[in-house]
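Those protein sequence lines, which keep their order, are chains A and B.
Its first residue numbered 4, the first sequence is counted upward by one per residue in the working numbering.
Its first residue numbered 8, the second sequence is counted upward by one per residue in the working numbering.
Don't be surprised by glycine CBs; every beta carbon is placed ideally from N, CA and C.
Data block below; observations after.
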Amino acid sequence: GQSLEQPSEVTAVEGAIVQINCTYQTSGFYGLSWYQQHDGGAPTFLSYNALDGLEETGRFSSFLSRSDSYGYLLLQELQMKDSASYFCAVPDNQAGTALIFGKGTTLSVSS
Amino acid sequence: NAGVTQTPKFQVLKTGQSMTLQCAQDMNHEYMSWYRQDPGMGLRLIHYSVGAGITDQGEVPNGYNVSRSTTEDFPLRLLSAAPSQTSVYFCASMGQGATDTQYFGPGTRLTVL
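Pasting the structure below:
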C-alpha cells in the first residue's frame, strides 16, 4: 500500500524558518505535492516535485529525494497567516488521478 | 470561473437517511474525486472518476455511491447514513495529464445523528 508520514505539529515564531518533513512509501512514484489548509477552509495547492531537488516559490520551497523517499516543505520568513495545516500527498497508484494524503502537520506561528 | 462548487455547505441527517452531496466544476476537468476529512486522519479518497461514465473506488468507498453523467458534475450519494459518516467532505478536480494540482471545493460539513 501507500503511506506518508509527517509530524503532527510544529510551532515557530514570526520571521523564523520551519521545515516540515514527509517520508512516503509507494510502489510507483509520480511526484510529491504539498497542500495548505487553513481552519475551516479547503486544501490549496502549494507545490509539486517530480524530480530530485529544490523548487522555490516565494517564501515557500519544496525538496524531494526520490532515493530516500523523502521530501520537505520549507517555509521562510514566517507570518501569522502561515498558521495552517500542511499536507504532503502522492498520486494514488490505481487512480493516478487522485491523491493519497499524509495526516497533516499543524503549524502554529506565534508573535 | 467558479472553480469547484459544492452544496450544501452544512447538513444534519438522522441515521438511516439518504442524501446526495453535489459537486460541480466549470474548468472542463476530466478527473474528479471525493475525499472525506476526519480529525487526525488527513484526507481519505472515497471515489474518483477519470471521465464521464467512468468511476472507481478509492480507499474508503463503503456506504457511498457516485455517478458521472457529465464532465461537470460528480455527485456523492450516502445510501443509509451512519454516525461514522460524520465528516467534512471535499470534492476535487484536476485537468487531464496534470498530476500535480487538484482544485478543491469548499467542503460539505455533514453530521449524522
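Can you tell which of the options has its C-alpha closest to the C-alpha of residue i?
i, options, result
"residue 38 of chain A", "A/75, A/18 and A/4", "A/75"
"residue 30 of chain B", "B/91, B/80, B/93 and B/115", "B/80"
"residue 109 of chain A", "A/6, A/4 and A/15", "A/15"
"residue 49 of chain B", "A/4, A/87 and A/107", "A/107"
"residue 44 of chain B", "B/114, B/119 and B/120", "B/114"
"residue 26 of chain A", "A/57, A/6, A/54 and A/20", "A/6"
"residue 53 of chain B", "B/74, B/40 and B/18", "B/40"
"residue 42 of chain A", "A/113, A/93, A/114 and A/84", "A/84"
My output table needs one value for residue i: the three-state DSSP class, helix, strand or coil.
i, result
"residue 34 of chain B", "coil"
"residue 42 of chain A", "coil"
"residue 29 of chain B", "strand"
"residue 91 of chain B", "helix"
"residue 24 of chain A", "strand"
"residue 99 of chain B", "strand"
"residue 110 of chain B", "strand"
"residue 78 of chain B", "coil"
"residue 86 of chain B", "coil"
"residue 30 of chain A", "coil"
Rounded to the nearest angstrom, how far is the Cβ of residue i from that of residue j, given a contact under 8 Å?
i, j, result
"residue 27 of chain B", "residue 68 of chain B", "Not quite, the Cβ-Cβ distance comes to about 16 Å (not below 8 Å), so this is no contact."
"residue 40 of chain A", "residue 105 of chain A", "Rounded, the Cβ-Cβ distance is 12 Å, inconsistent with contact."
"residue 47 of chain A", "residue 101 of chain B", "Not a contact, Cβ separation roughly 14 Å."
"residue 111 of chain A", "residue 86 of chain A", "5 Å"
"residue 99 of chain B", "residue 70 of chain B", "About 20 Å separates the two Cβ atoms, so there is no contact after all."
"residue 22 of chain B", "residue 119 of chain B", "6 Å"
"residue 86 of chain B", "residue 92 of chain B", "So it is not a contact: roughly 10 Å between Cβ atoms."
"residue 112 of chain B", "residue 13 of chain B", "4 Å"
"residue 33 of chain B", "residue 9 of chain B", "5 Å"
DSSP puts residue i in a beta bridge; with which residues?
i, result
"residue 15 of chain A", "A/112"
"residue 118 of chain B", "B/19"
"residue 24 of chain B", "Answer is none; residue 24 of chain B lacks a bridge partner."
"residue 14 of chain B", "B/29"
"residue 44 of chain B", "B/50 and B/95"
- Item | Complete beta strand (DSSP E) runs within the stretch 46 to 72 of chain B (minimum length 3 residues, chain order) | 49 to 58 and 61 to 64
- Message: If we require 3 or more residues per run, which beta strand (DSSP E) segments fall completely within the stretch 35 to 98 of chain A?
- Response: With a minimum length of 3 residues, the continuous beta strand (DSSP E) runs that stay inside the stretch 35 to 98 of chain A are 35 to 40, 47 to 52, 56 to 60, 63 to 68, 73 to 78 and 87 to 94.
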